[in-house]
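Take a look at the structure set out below.
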Amino acid sequence: MLQYLLSRLLRAAVSIVMVVTFVFVVLRMSGDPATVIMGADAPPEAIDAFRKAWGLDQPLWVQYFAFFEAVFSGELGRSMRDGRDVVAVVLERVPSTLALTIPAFFVNIAVGIPAGVYAALHRNSLIDRCVMVMAVTGFAVPSFILAMLLVLIFSVTLGWLPSAGQDSWRNAILPIATMGFGGAALLARFTRSAMLEVLGQSYIRTASAKGLPWSAVVWRHALQNAAIPTITIIGFMLGGLVAGAVVVESVFSWPGVGRLLVVSVANRDLAVVQAVVLMIAMTMVAANMVVDVLYGLVDPRMQGQARAARR
Amino acid sequence: MPRFASAQSTERPAVTVAVQRISNSNTLEMLTEQSNVGTRIYTSYAETLIGNNWIGDMSLQPQLATSWKRVDDQTVDVDLREGVKFHNGDVMTAEDVAFSYGPDRMWGGGTVEVPENVKVVARQALPAFERIEVLGPHKIRLHNSSIDPVLEGRLSGSIGMIVSKRAFMEAKSWMDWARRPITTGPYAITEYKPDSVLTLSAFDDHWEGRPPLRQVRFVETPETASRINLLRSGGADFACDIPPDQIATVEADKRFKVVGGPINNTRYTVFNKSHPVLANPLVRQALTHSVDRNLIVESLWSGRTEVPRGLQWSFYGDFYIADHENPAYDPDKARALLRKAGYNGEPIPYRVLNDYYTAQTATAQINTENWRAVGLNIKLQMVENWGQISEGGPETRGIHDWSAAASLPDPYVQMSGSWGPLGSPWKSNQWRNEEFGKLSQELGSSTDKTRRIAVWRRMLQIIEIEDPAYVVLHRNASFTAKRADIKWTPAQSFVMDFRRHNWSA
Amino acid sequence: MPLLIVIAILWLVLMLAIAVSADLISPYRFTQMDLRNRLSLPVFMGGSWRHVLGTDELGRDVLSRLITSIRMSLLIAFGATIIGAVIGVTLGFVAAHFRGIVEQAVLALVDFSAAIPFLVLALAVLAFFGNSLVLFVCLLGFHAWERYARIARGLAISGKTHGYAAAVHQLGASPWRLYGRHILPNIASTLIVSMTLAFPEIILLESGLSFLGLGIQPPDTSLGNMVGFGREYLSSAPWIMLAPAFVITVTALCVSLLGDWLRDRLDPTLS
Amino acid sequence: MAFVEIENLSVAFGRSMALRGINLSVERGEAVGLVGESGCGKSVTWLAALGLLPASATVRGSVWLDGKDILGAPKARLEPVRGGRIAMIFQDPAASLNPVHRIGRQIGEALTLHRGMTGERAKAEVIRLMDQVGIPDARNRINAYPHELSGGQNQRVMIAMALAGEPELLVADEPTTALDVTIQAQILDLLTTLRRDTGMAMVLISHDLGVVSETCSRIAVMYAGRIVEEAPSGQIFSHPGHPYTRGLLGSLPPLTGPRRRLVAIPGSVPEAARMPSGCAFAPRCDLSTELCAQVDPAPLPLADDHSAACVFAKPYQRNVHPVAGEGAFARERVLQ
Amino acid sequence: MSGGTAELLEARDLARSYMMHRGFLGRTTQVRAVDGVSLSLSRGETLGLVGESGCGKSTTARLVLGIEPPDEGAVTFDGTAMPRSGTSNWAALRRRMQMVYQDPLQALDKRLTIGAQVAEPLDIHRIGTSAERRERVAAVMAEVGLQPHHAARHPQSLSGGQRQRAVIARALVTNPDLLVCDEPISALDVSIQALVLNLLMDLQERSGMGMLFVSHDLRAVRQISHRVAVMYLGRIVEEGEPDAVLQDPAHPYAQALVSAIPHPGKTAARVILQGDPPNPANRPSGCAFHPRCPVATATCRTEVPVLKPRRSDGRRVACHVAHGEAAPARAPTMLETC
Ligand SMILES: Nc1ncnc2c1ncn2[C@@H]1O[C@H](COP(=O)(O)OP(=O)(O)OP(=O)(O)O)[C@@H](O)[C@H]1O
Ligand SMILES: Nc1ncnc2c1ncn2[C@@H]1O[C@H](COP(=O)(O)OP(=O)(O)OP(=O)(O)O)[C@@H](O)[C@H]1O
Ligand SMILES: [Mg+2]
Ligand SMILES: [Mg+2]
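Here it is as structure tokens:
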């Protein structure tokens, strides 16, 4: 276990270093934050001064090592826009994003899994068809279109819910619904096919042959097995949630990490972009490791091994 | 201690304003926030010595200065208003004014480390500023190192907001200060969440008396549709930056009204003379003759803005050349010019930012179509930021969009600053014209008004007709949607004025 | 074959036909403007037959733009899917063939792309490198590469350790022959299924990027770009946005349905 | 009436007929062998009888259990039968055990269901059962997962699970294929002992005549969804009545004596969807005539309790004409 | 071909270990799959290799073919040492040594026609012109009893017996000198097993190739082999004439194996082995079979028996008891009877 965890951690660290390096190189090679932040009319001397102040005039590798040195001493730099410590800038946004993603995640699970299981158990029934059409549609509608439609219906027409901003918990409902729906649809699809696959297995027949009532067969034997492939999807869904947050936060003017990223990218606020990406990458790596561990717990065959065929 | 909005003033309304951005730089100090965006917010919490009649004729007005007078070409004496309080309760003195224009805030070299870009911005805004001399608790004298016909005007610029010396020195660093400046405006900053919300509360100790609103909240809502929806769903009282096409949509609901119109900002499209094709003035002339301004104004702006006579403003007074004509929309002439220039369909890049200006992308597409129609091979390139516009060698840079504003009734600052030898196009070798350069210098140093007017006329002729550096499109317009029951007048600028004289509901 | 699948296939064939013959069938040039005739209504809302689907904010024919956009979006989706599959399969095979350190390197790359959500990556790359069609397609091509890499590697390893590939190796075949002639055709069906699953994702990604202003840029047009620019007109001129949104959704839906169906057909474990 | 009587059972998957009218009875305490090539319908027969086929299967006929038809019976009546009166050991033990449950729990489930045992009592019984089927170190192994056990051990877990309900009939579907000869021997011994001790009836499904003959008293030979020959096991070897049975016997290499060329059945089992008209075996049969392609022969009694579905099968007097090949088997002896 | 007196195949003291990750702790353990196997094979001869599952039969087969390098020991083919796997020499040698697999469907590429697959070794080794190749393929297919029209078929559309014939045809198309059959019949139906056994015997008679026949089916091995080797846990424990070994096994494991063969009318005693099949990762000391051996002695627990001819009849066996070096703990007559 320990060795496994260590090697997993090592790979995680390698991939995080890769992420950071990649982002660093992409960011530095591709455009000069000075012009962006200083604006259209800034005189060249101002831009030069800015570059110098932020060390952008040094060779790339010098900047790179300086950056890494700083990261290891816990110093992720300052925002070029407002001079604040980027950790503070990012952390300030994290609660907002979590306020969307965590409930959305629960919506995903609470709606998607039961819907998928139900559809699988009633395969080819009318309800199965409906669930699947909903699920495929939910996957096929771009989230911003869904978001705008929800706003038109629930805010503008009905006036039930606020359309943007972050004043109360009611503001969170539409964004959560938007993010929840897409994920739930995806999860329902995967749960259904996982469940169908499990229901076709011999051990389900064995359980029936024992004389177990069908409901017990489903609850005791099928669900846990169906959870195995579903967990891998949940791991991927986390990435989808983060990406979804980028779009949804823009539509709903929700000041979360996603919007911070968009704004910082637009402003070439390198340190902030880097910190956000680093944070997302670490979250994803951690989430993937949690999924790995969960996987081991749910599937005794997988204990100590990485998932064989994570799709 | 200051008295903020308290129980007895709860009957005053609070308003929410949906804006596209609150501050580009995430700071509230105008030395770092140099964008149009910042213009919208700062007049509510900060004041300058000399104010501007934004919703009127843009004339200069007393604000923190009660009066001023020229001592000589290089010196101005200013009397300061008495009894002005900062948001921290301190009373404003000449010390504070001198400090606001001093090295710690602007120039560097004092006790505080000033960001490089701040120094540059300050130097650009006040090119010949020397120092401020404190003549008394409420009297100062400003010394300039050279002649500046528009020195007073410069004092009304946003960077001249007067700040509390004590508060400044208490801040941990310059940038810390910039995020939470202590100033004298009618509303005080109570909360600022970057990229999200700026809350201002009534500052009841303001020298004009109690402000009309209990609270002003600027909510950042980048999506146009979201801003309109916020207004329509009651989440906001104002929605800024409404594209002209949406006016009808908003006004379809009788509860809302869209106000605003042309502002003191002109949209124009500029050429890079060092591009091999554009080096030929005939090609540039052809470009200017195939821009259909009126069509743009009619279609994209529903006629709600106007086409100025070149890059000048009617408030220039005597300097307004009333008979100056823009190059006419004349495709045949453009074709003839192209033939004469021997143009053979060589591609010309046109770099455009995605709606940095209102309807920019649409305008660019219209222009491209018109240019295409006369046989110009324009390659529309959408770019992300200003840096990418100026990227690459001369042959990769062709045409791009720009805008110009003027706040002083004299063409010198605006035109020579932008296009003269000190301007960035000149420096970056984008457009140079020897004659124009000489005239530009003369316009800045001459005090002979008639001569200056003649010079100015000639300059316009050169830069817009003979050796075009740009083609003027139209005045920019700013539209703000608001609750119909609110009586509030928009400014001829991005400024939003929430002072007593501009509010009743 | 279920009716739904037949409909899906017909729809996709229609889309392909439109894409191929875009120039022939579009009534106007897609950039052609008629500024005096902006935002005119589509026929079904009472507009004229001159512009069946109405016109957009610049008076351009929505139908013509839609047709060109379908071509562009399909091009992107196909291009990106194929690029992703080629890169992924190649790396997967390389990992399976060399094992050891090479395999670990590929796996680290896989981890890398799992560690950073694609939209975030795209945001960074596109914003910083500017946008060109080629870059855009390549970038989207990276979207699902690691999925293909995993599949290719897994199937190649299992094929190599037992079964036909081991047999062919034992006959003395070269790696080229082994992977090109034997393993690739055998895993093709699995790959095709996962390509059909990636295809709608790419269409959606493209529209998401367009929404954030990073997609295909004018004067070019794509479905996502139409939706992105049309979204401001959702309440005043909904036809600008709804037509492409409908095509996006239905196409994504059809490809997903087809993909699911193919997977069920090709996956023997699902009865 | 016999304990279990399958009457005219037919099963179709879509258009392909997997079973085409099976008649088979099992007496209490009897051991019946079911042999035939792969795909001839051995497993489906018993899956159909217990209602365990997927919904896509169309099942006709009747299955009498103690005089009551359980085919298509409601779940409430079927559930106590499954595992309680008729238990089944499935072909592939590794796939037939739930991979995520500990084996103790899986066996215990049957105990709770059919014998109402829970907690410690159930645990003790599980351990006893596991000991009985010869899983060493049962006390610890109850906490093992199927993947932690070998194929043979999993097969024994399946057997323990089947025995947990103390069934009256045990259907063992190829309990020894994919097992080593030595382990196969152990399991066959175990089943024989159990049957002797508890008086339970057993159906042993296999394609290996050797395996079946050793354990069962009566053998039914299946071909293409039919029972083509049925006889006491001795009789099958001495007087194989159906050419298919003779083919099966001939393809078994002898263990002793001179090495002869093996007599193999040419061709392969017809696909269920493309069943030839007439006798299904006719295309592979060296005796077949035109008649065979037309007539699908009904079982013909050859002697008491011996019948064969072949037009050429001749009735005989018991122990009169030993058939060629019998000698080879008769001479076989256990070698030490 | 370099003929001479050298045996076709000589394997000396082959050993092969695998590292295996086991359990939640991820400990790696060494599995000694093959542990000192020596064997030889001459032209026209068939050596049967029997033993229970996991005893290393397939590994031995792979080592002998050079598909995997042995950790220890060496393989000599036709007098020359086996080149390293993957080298061009090795690849060239493939045409002279071929393999037939347990599961024909798995060994064939489902997407290519039978004809293409049978021709593949000729393509790989660039033998003959394309016309000659076609001729050769047709000839080989006829030889194994496939009809010409089968060439255009895909593996799925053939019966099990035909598929195995296709695999055999592919193996024979280059006229190999050595054919290794790894459980070629155990995935097949009883009736088809006979067909394949007959075919292999006929082919060997015609071409005189050497054959290594791996199986755990003693009946089949007796039918086809000239010599039999019994393996237990990575070692050969007994070797000799098939009839001799099967009728009078000397090693207790071989005895158990033989007694386990089910056959009709069997009534006699059967050796039931106690305990579990052995775990190659945890090899018992001394004679690996001693924990399950009914006659094991103290010596067996400590000393590894060597494979050597028995004094009485020259049968090669590795057992202390069989060599009379230790007295049996229990008389073999005490076997349980059922
Ligand atoms: N679920 C199913 N769907 C469709 N066909 C099936 C299904 N189950 C079995 N069959 C078909 O029914 C026929 C009989 O199958 P069955 O499993 O009874 O064979 P068997 O005699 O047990 O063979 P084996 O020795 O391989 O176990 C086969 O042709 C098989 O393909
Ligand atoms: N690639 C490998 N990695 C790890 N262990 C292996 C590998 N190949 C074989 N083994 C182990 O080596 C031992 C011998 O395996 P081998 O396949 O040679 O046995 P076998 O006699 O052919 O068995 P079977 O009759 O089941 O085919 C087994 O314990 C097996 O688990
Ligand atoms: Mg079966
Ligand atoms: Mg093997």
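Residue numbers (our numbering), protein chains in the order written: chain A, 47 to 357; chain X, 13 to 517; chain D, 5 to 275; chain C, -18 to 317; chain E, 12 to 349.
For glycine and all other residues, C-beta sits at the position ideal for the given N, C-alpha and C.
is_contact[Ser248/A, chain C] using C-beta, thresh 8 Å: By one-based count along the first sequence, residue 248/A stands at place 202. Yes, its Cβ sits closer than 8 Å to a Cβ of chain C.
8 Å Cβ cutoff met for Ala274/C and Ala290/C: Here the question's residue 274/C lines up with position 293 in the fourth sequence. Here the question's residue 290/C lines up with position 309 in the fourth sequence. Between Ala274/C and Ala290/C, the C-beta gap is not smaller than 8 Å, which leaves the two residues out of contact.
Three-state secondary structure (DSSP) of Glu145/X: Residue 145/X sits at position 133 when you count from the first residue of the second sequence. Correct three-state label for Glu145/X: strand.
Exposure of Pro220/C, with buried meaning 16 or more beta-carbon neighbours within 10 Å: Counting from one through the fourth sequence, the residue named residue 220/C turns up at place 239. The sequence given here places His at residue 220/C; Pro does not occur at that position. Buried: at least 16 other Cβ atoms inside 10 Å.
Start-end ranges of the alpha helix (DSSP H) lying completely within the stretch 119 to 185 of chain X, minimum 4 residues: Listed in chain order, they are 128 to 137, 163 to 167 and 177 to 182.
DSSP-derived helix/strand/coil call for Phe262/C: Translated into positions along the fourth sequence, residue 262/C becomes position 281. Coil at Phe262/C, not helix or strand.
Complete beta strand (DSSP E) runs within the stretch 70 to 140 of chain A (minimum length 3 residues, chain order): Runs found: none.
Ligand 1 heavy atom lying under 7 Å from the CB of Cys197/C: As a first step, residue 197/C must be located in the fourth sequence, where it is residue number 216. Flag unset: Cβ of Cys197/C not near ligand 1.
Among Val182/A, Thr252/A and Val309/A, the one whose alpha carbon lies nearest that of Asn397/X: Within the second sequence, the letter at position 385 stands for residue 397/X. Ranked by Cα distance from Asn397/X, the first of Val182/A, Thr252/A and Val309/A is Val309/A.
Ligand 1 heavy atom lying under 7 Å from the CB of His188/C: One-based indexing of the fourth sequence puts residue 188/C at position 207. In this structure, His188/C has its beta carbon less than 7 Å from a heavy atom of ligand 1.
Near-chain X residues of the stretch 236 to 255 of chain D (beta-carbon distance less than 9 Å), N- to C-terminal order: Correct list: Glu236, Tyr237, Leu238, Ser239, Ser240 and Ala241.
Residues that Ala131/D contacts on chain X, provided the C-beta gap is smaller than 7 Å: Reading the third sequence from its first residue, position 127 is the one you call residue 131/D. For Ala131/D, the chain X residues whose Cβ falls inside 7 Å of its Cβ are Glu396, in order along the chain.
Neighbour flag for Ile22/D against chain A, beta carbons, 8 Å: Working through the third sequence from its first residue, we reach residue 22/D at position 18. With a threshold of 8 Å between beta carbons, Ile22/D makes no contact with chain A.
Contacting positions in the stretch 184 to 197 of chain D - beta carbon closer than 7 Å to chain E: Cβ contacts with chain E come from His186, Pro189 and Asn190.
Where the beta strand (DSSP E) through Ser(-3)/C begins and ends: On the fourth sequence, residue -3/C is found 16 positions in, with the first residue counted as 1. Run containing Ser(-3)/C: Ser(-3) to Val7, per the beta strand (DSSP E) assignment.
Min CB distance Gly176/D to chain E below 8 Å: If you number the third sequence from 1, residue 176/D lands on position 172. So yes, Gly176/D belongs to the interface.
Bounding residues of the beta strand (DSSP E) (the contiguous stretch that carries Ala291/X): Taking the first residue of the second sequence as 1, we reach residue 291/X at position 279. Ala291/X: not part of any beta strand (DSSP E); DSSP gives it neither H nor E.
With 16 other Cβ atoms within 10 Å as the buried cut-off, status of Pro273/E: For the purposes of this step, residue 273/E is taken as the residue at position 262 of the fifth sequence. In summary, Pro273/E is buried, with 16 or more beta-carbon neighbours lying within 10 Å of its beta-carbon over all protein chains present.
Nearest-angstrom Cβ-Cβ length linking Ile259/X and Phe491/X, presumed shorter than 8 Å: Counting from 1 along the second sequence, the entry for residue 259/X is found at position 247. Counting from 1 along the second sequence, the entry for residue 491/X is found at position 479. That belief holds up - the Cβ atoms of Ile259/X and Phe491/X are roughly 6 Å apart, short of 8 Å.
Local Cβ density within 10 Å of Gly325/E, reported as buried at 16 or more and exposed below that: Within the fifth sequence, residue 325/E is the residue found at index 314, counting from 1. Exposed.
N-terminal and C-terminal residue of the beta strand (DSSP E) that Met9/E is part of: The displayed coordinates of chain E run from 12 to 349. Any statement about residue 9/E would go beyond what the structure contains.
Cβ-Cβ distance between Asn389/X and Pro359/X below 8 Å: By 1-based counting over the second sequence, the position of residue 389/X is 377. By 1-based counting over the second sequence, the position of residue 359/X is 347. Taking 8 Å as the Cβ cut-off, Asn389/X and Pro359/X qualify as a contacting pair.
Any C-beta of chain D under 8 Å from that of Phe190/A: Your numbering for residue 190/A matches position 144 in the first sequence. At a cut-off of 8 Å between beta carbons, Phe190/A contacts chain D.
Per DSSP, the bridge partner or partners of Met203/C: Within the fourth sequence, the letter at position 222 stands for residue 203/C. Answer is Ile208/C, bridged to Met203/C.
Proximal residues to Pro31/D (C-beta, below 7 Å), its chain only, five neighbours per side dropped: In the third sequence, residue 31/D corresponds to position 27, counting from 1. Here the set comprises Asp65, Leu67 and Ser68.
Burial state of Asp422/X (16 or more Cβ within 10 Å): Numbered from 1 along the second sequence, position 410 holds the residue referred to as residue 422/X. Its Cβ being crowded by 16 or more others within 10 Å, Asp422/X is buried.
Top-ranked residue by Cα proximity to Met181/X, from Leu307/X, Asp497/X, Glu478/X and Phe111/X: Locating residue 181/X in the second sequence gives position 169, where the first residue counts as 1. That would be Phe111/X, whose Cα lies nearest to the Cα of Met181/X.
Three-state secondary structure (DSSP) of Pro272/D: Translated into the one-based positions of the third sequence, residue 272/D becomes position 268. Its pLDDT being 44, under 50, Pro272/D is placed unreliably by the model, and nothing is read from it.
Neighbour-count burial assignment, Asp257/X, 16 or more Cβ in a 10 Å radius: Along the second sequence, read from residue 1 onward, the residue named residue 257/X stands at position 245. Buried, because 16 or more other Cβ atoms sit within 10 Å of the Cβ of Asp257/X.
Those residues which DSSP pairs with Gly59/E across a bridge: Here residue 59/E corresponds to residue number 48 of the fifth sequence, with the count starting at 1. DSSP, once it has assigned bridges, lists Phe224/E and Val239/E as partnering Gly59/E.
Best match in Phe203/D, Arg235/D and Ala12/D for proximity to Gly2/D [C-alpha to C-alpha]: Outside the displayed span of chain D (5 to 275) sits residue 2/D, for which this structure offers no information.
For Met283/A and Val201/E, the rounded distance between their alpha carbons: The sequence position of residue 201/E within the fifth sequence is 190, counting from 1. The sequence position of residue 283/A within the first sequence is 237, counting from 1. If I take the Cα positions, the gap works out to 50 Å.
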